[in-house]
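With mature numbering (1 follows the signal peptide of the UniProt record, and there is no 0) applied, the sequence shown corresponds to residues -24 to -1, 1 to 238, in that order. Okay, so here's the structure we're looking at.
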Amino acid sequence: MQKFVTIFSVIISSFLWLSSESIAATDDFDFSSFTVTETGDADLTTSTVSINTGAQPITVNNFDIAGIMLGMSFDDVENLFLRGKGLYSPREKDSVIYSIQKDWKYNLDYECRQQGIFAPAELDQCIKSLAKNRGLLYASELHLVRENTGETIVVYFTSNADDNVVWRVLYNNDVNEIEGANEKFIDQQEKKILTFWQGVLDKYGAPNSGTDKWVSSNNSYDPMMTAYYGALDLVDMGSYSSDIALNIQKARENFPAKPYAF
């Protein structure tokens, strides 16, 4: 990791000497077919976890959801679903969401405005062009669907600073949905829930934290999986947090401040 961080720092630093002409938003790449977002805070809260008395830690890193494991690269997942013939396929619209880490976006915003680019559309194009050319624009989400069952999977990736790998896999199905208040619908839902939970237990074994969590340790930042009615959430908050911290550090180190003299 240290070697990669050093290489990443050199790559980013090498761009900062570019003149305002060479880094101006002359890149006419069409971003209209891409969904580009600003990376924000994950919609997760890290609560304390503990291993049940008598239970053992579980190697959650070895878990997979439809073949997707924590730490897999975007290219590996892409090969598995976008180019393969898996059970799931990319959703029809915006299957891949691209992002720019917030701190880098602020850097690029400042850099573009220093060139005299202020019009919103031109500023947005400038920021995205610089991000793309410098490797700061990355695939942050992949949305998959299984058409015949309505199941969905959202795969979340770290930035390029951390090799663009899976840090979260969120699976959903219709088990928690009920068609009506009639007794038959309640009975049908209960049977769906039982079928789902039995499948979860068959694949992953019994939870070792409470009744719904599989944890690697008592540290909630280590890989863990939580099961809900009709959902599985496989997550590595440590990987996500490390990626955010690395980008904040590098963005601060490489902010294109004016050469103040005093």
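Cβ coordinates follow ideal geometry from the N, Cα and C atoms, glycine included.
Hey, how far is the Cα of residue 269 from the Cα of A203? Since the first residue of the chain shown is -24 and the last is 238, residue 269 is not available in this structure.
Quick check: what's the CA-CA separation for A221 versus E54? Working through the sequence shown from its first residue, we reach residue 221 at position 245. Working through the sequence shown from its first residue, we reach residue 54 at position 78. So the two alpha carbons sit approximately 26 Å from each other.
For Y64 versus L146, is the C-beta spacing smaller than 7 Å? Your numbering for residue 64 matches position 88 in the sequence shown. Your numbering for residue 146 matches position 170 in the sequence shown. Not in contact: Y64 and L146 (Cβ atoms no closer than 7 Å).
Reduced DSSP secondary structure (H/G/I, E/B, other) of M(-24): What you label residue -24 is simply residue 1 of the sequence shown in a count that begins at 1. Per-residue confidence for M(-24) stands at a pLDDT of 42, beneath the threshold of 50, marking its modelled position as unreliable; no derived number is given.
Between the C-alpha atoms of A233 and P96, what's the straight-line distance to the nearest angstrom? Position 257 of the sequence shown, counted from the first residue, corresponds to residue 233. Position 120 of the sequence shown, counted from the first residue, corresponds to residue 96. A straight line joining the alpha-carbon of A233 with that of P96 spans about 22 Å.
Whole-angstrom distance between F50 and Y74, CA atom to CA atom: On the sequence shown, position 98 is the one that residue 74 refers to. On the sequence shown, position 74 is the one that residue 50 refers to. C-alpha separation (whole angstroms): 12 Å.
Count the other C-beta atoms from every protein chain shown that fall within 10 angstroms of the C-beta of E87, then say buried if there are 16 or more, exposed otherwise. Within the sequence shown, the letter at position 111 stands for residue 87. The residue in question, E87, is buried, as its Cβ has 16 or more Cβ neighbours within 10 Å.
So, are the CB atoms of V151 and G206 less than 7 Å apart? In the sequence shown, the residue the question calls residue 151 occupies position 175. In the sequence shown, the residue the question calls residue 206 occupies position 230. Contact: yes.
I need the straight-line Cα distance from F7 to N38, nearest angstrom please. Residue 7 sits at position 31 when you count from the first residue of the sequence shown. Residue 38 sits at position 62 when you count from the first residue of the sequence shown. Near 37 Å, if we compare the C-alpha coordinates of N38 and F7.
Would you mind working out which of T24, T29, I34 and L210 sits nearest R144, comparing C-alpha positions? On the sequence shown, residue 144 is found 168 positions in, with the first residue counted as 1. Answer by Cα proximity: L210.
Extent of the continuous beta strand (DSSP E) run through F121: Position 145 of the sequence shown, counted from the first residue, corresponds to residue 121. Note that residue 121 is Val in the sequence shown here, rather than Phe. From DSSP, the beta strand (DSSP E) with V121 extends over L113 to R122.
Contact check, D219 vs S135, beta carbons under 7 Å: Translated into positions along the sequence shown, residue 219 becomes position 243. Translated into positions along the sequence shown, residue 135 becomes position 159. The answer is yes: Cβ separation under 7 Å.
From the DSSP secondary-structure annotation, give me the bridge partner or partners of T128. Taking the sequence shown and counting its residues from 1, the one referred to as residue 128 is at position 152. As computed with DSSP, T128 is found in a beta bridge with V121 and N148.
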